[in-house]
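In what follows, a structure is listed as structure tokens, so that the remarks can point back to it.
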Amino acid sequence: MRGPTAFLVLVATLTASAQERPPGGTSSVNLLQPVTELSQATPEWFKVGVQYRFRFENRTGNGFREGTSDFYGLGRLLVDVGVEPTPWLSFHFQGQDARAPGKKNATPLYRDPFDVRQAWVELGDSESGWLRVRAGRQELLYGAQRLVGPLNWTNTARQFDAVKLNLGKKDLNVDVFASSVVVIDQEGLNRHRDGANLHGAYGNLNRLAGEGTLDAYAFWKTTPRVVISPLNIGDADIYTTGLRYIRSLEHGFDVATEVARQFGTFANNNISSWGAYGILGYKPPDWKTSPRFSVEYQYGSGDDDPNDGKMSTFDQLYPTGHLYQGTADRIGWRNVKDIRAGVTLQPAPKVSLTLDYFSFWLASRNDNLYAVNGSISVHTPDGGAANGHVGQELDAIVMWRPRGYIAIGSGFGYFIPGGLLKETTPGHRSTFGYVMFNYVL
């Protein structure tokens, strides 16, 4: 597969999995589909694709207050057109129509009717060449998506206006890119924000890692006009360097780890922060339900002293946070330390089930609690929080794939506030539940 064709398959796979961790199996059913037949009737160089996803969501305990709830629907239609006149030249267009029926005052996260989601041109043969260039509106997805990902779980997702150069082959290559994040405009065409940039390099160094997977990266995030105080206003330049390593071990075990270091300036403050995680997994051999058990520890530094001229709060950049901080989407990868224990299993050939437990703590009691999007969720009291335990979360997610192009799923997250939230909010328990249908043509 080359160019647009490979891209359409990738997007379909990501969407059908509903942005959750290992699906635990895929459908082997491959029935005729309308657009497949249409593609067969078109020239080899012309490809089309359609995706439709609808999800009902219900949230309770918003703001950790009793009696607050929100029930609404999210519908998203994506239409893809790919043109590949030669193996070294391809064009891709993706239109999007995202609606939020029942959602009051729907923000751009939920609603973006009739807009251009992607539009790019690529030069270079993706199979036999060692140099490829892609320019235009596109997704950026690197590694585990903890720092840079499209956030496809949301109704409008994330795009960048970017130029990306890829050098090398499958097991030894590097992406070098310059980009600006696209801002959703619900009334007009989406545009990028001047000065809100992400530039960087991401290398896949598998050939150097033996039997493991090794990634190395460096990112430069710029943000215009950040405010620390009325006397401390300026631009932000955040530099992130890091390594990611994954390896399968003997007897069904596997490990994954990533460490990221940050420096730069935030207004008049110097930046010194870091984040890391480690995962140990185990898949017992010959178990009928193919379970994979895993435990994880994650850390994102916080700021111990907001007045010392140093910014130590880890910046999560542009992540797909829904994958890793819990289904309820309450916590971001900033000023946090958490543990997770879970299992993914396949109780039936076309069904996967994921169960997770989380416990969240502040990395620094003098810093704030941050939401999944990186914004401040709860301000800690002056002088610091008396209790650093944020809370616990229980998640359950089930996915059923009756056909290769249909996915039906449901999930539920139950968040139990800890000492910090009982100290700073009403401390009421909150829930998030959803039912989803996804159809890929």
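In case it helps, our numbering puts the sequence shown at residues -12 to 428.
For each residue, glycine too, the CB sits at the ideal point set by N, CA and C.
Rounding to the nearest angstrom, what Cα-Cα distance links Y189 and L381 in this structure?
Taking the straight line joining both Cα atoms gives about 34 Å.
Can you tell me whether F301 is helix, strand or coil according to DSSP?
F301 falls in the coil class under three-state DSSP.
With 16 as the cutoff for other CB atoms within 10 Å, does P10 come out buried or exposed?
Confidence at P10 is low in this model, with a pLDDT of 32, below 50, so the placement of that residue is unreliable and no value is reported for it.
What does A122 pair with, by DSSP beta-bridge criteria?
The partner list for A122 (beta bridge, DSSP) reads V108 and V150.
In terms of alpha-carbon separation, which member of P336, R390, W320 and G361 lies closest to A247?
For A247, the nearest C-alpha among the options comes from W320.
Can you find at least 3 beta carbon pairs, one from the region 376 to 392 and one from the region 332 to 346, that sit closer than 8 Å?
Yes, the region 376 to 392 touches the region 332 to 346.
Can you tell me the Cα-Cα spacing of N322 and T141, whole angstroms?
Looking at the two C-alpha atoms, the distance is approximately 23 Å.
For the alpha helix (DSSP H) holding K409, just list the boundary residues, first then last.
Where K409 is concerned, the enclosing alpha helix (DSSP H) stretches over G406 to T411.
Using 8 Å for Cβ pairs, my map puts L65 next to Q81. What's the rounded Cβ distance?
Between Q81 and L65 the Cβ distance is about 6 Å, and since that is below 8 Å, they are a contact.
Identify whether Y426 lies in helix, strand or coil by the three-state DSSP scheme.
If DSSP states are grouped into helix, strand and coil, Y426 belongs with the strands.
Would you call the CB atoms of R46 and M423 closer than 8 Å?
The answer is no: Cβ separation not under 8 Å.
Which residue's Cα is closest to the Cα of R429: A335, T244 and T228?
Outside the shown range of the chain, which is -12 to 428, sits residue 429, and nothing can be said about it.
Provide the residue span of the beta strand (DSSP E) that contains Y226, from first to last.
Counting along the chain, the beta strand (DSSP E) containing Y226 begins and ends at N219 to S235.
Does the beta-carbon of N502 have 16 or more other beta-carbons within 10 angstroms, so that it is buried, or is it exposed?
What the structure shows of the chain is the stretch from -12 to 428, and residue 502 is not part of that stretch, so it cannot be assessed.
So, using beta-carbon positions, are G111 and V120 closer together than 8 Å?
Against a cut-off of 8 Å, the Cβ pair of V120 and G111 comes out as a contact.
Express the C-alpha separation of Y392 and G36 in angstroms, rounding to a whole number.
Near 12 Å, if we compare the C-alpha coordinates of Y392 and G36.
Among N374, G308 and Q312, which has the Cα closest to the Cα of G136?
Of N374, G308 and Q312, the residue nearest in Cα terms is G308.
Could you name the residues that DSSP lists as bridge partners for I326?
Paired residue(s): Y284 and S346.
For R124 and P74, I'd like the C-alpha separation in whole angstroms.
Cα to Cα, R124 sits roughly 21 Å from P74.
Would you give the residue range spanned by the beta strand (DSSP E) that N184 belongs to?
Start and end: R178 to N191.
Shortest alpha-carbon distance to L332 belongs to which of L76, D102 and S277?
Closest option to L332, Cα to Cα, is S277.
Kindly indicate which three-state DSSP category T13 falls into: helix, strand or coil?
Confidence in T13 is poor, its pLDDT being 29 and thus under 50, which makes the residue's placement unreliable; the coordinate value appears in the next sentence. Coil, per DSSP.
Give a yes or no on contact between the region 372 to 379 and the region 393 to 405, applying the rule of three or more CB pairs nearer than 8 Å.
Yes, since at least three Cβ pairs between the region 372 to 379 and the region 393 to 405 fall closer than 8 Å, the two stretches touch.
Do you know offhand how far G155's Cα is from V161's?
Cα to Cα, the separation comes out at about 7 Å.
Do we get a CB-CB distance below 8 Å when we pair Q312 with the residues of chain D?
Given the protein chain composition of this structure (a single chain), no chain D is represented.
Using a Cβ-Cβ cut-off of 7 Å (strictly less than) and excluding sequence neighbours within five positions of G329, which residues of its own chain qualify?
Excluding sequence neighbours, G329 sits near S281, T341, L342, D343 and Y344.
If you reduce the DSSP assignment to three classes, tell me which class H415 lands in.
The answer is coil: DSSP assigns H415 none of H, G, I, E or B.
Would you identify the three-state DSSP class for H309, choosing helix, strand or coil?
The answer is helix: DSSP assigns H309 an H, G or I state.
Can you name the start and end residues of the beta strand (DSSP E) that T47 belongs to?
Counting along the chain, the beta strand (DSSP E) containing T47 begins and ends at F33 to T47.
Nearest to L349 by CA position, among A373, N360, D369 and A335, is which residue?
If we check each option's Cα against that of L349, A373 comes out closest.
Please report the straight-line C-alpha distance between T29 and V70, rounded to a whole angstrom.
Spanning the two alpha carbons is a distance of roughly 11 Å.
Got a sec? Which residues, its chain only, sit under 6 Å from N219 by beta carbon, not counting five neighbours each side?
Cβ neighbours of N219 beyond the five flanking positions: A254 and N255.
Once the 5 residues before and after F301 are set aside, which same chain residues still bring their CB inside 6 Å of it?
The answer, listed in chain order, is S260, G262, G287, S288 and R321.
Excluding the 5 residues preceding and the 5 following V68 in the sequence, name in chain order all residues of the same chain whose CB lies nearer than 7 Å to its CB.
These residues qualify, in order along the chain: V35 and F80.
For the beta strand (DSSP E) that contains L159, what are its first and last residues?
Looking at the DSSP string, the run of the beta strand (DSSP E) that includes L159 is L159 to V170.
Rounding to the nearest angstrom, what Cα-Cα distance links I225 and D158 in this structure?
When rounded, the distance between both Cα atoms is 29 Å.
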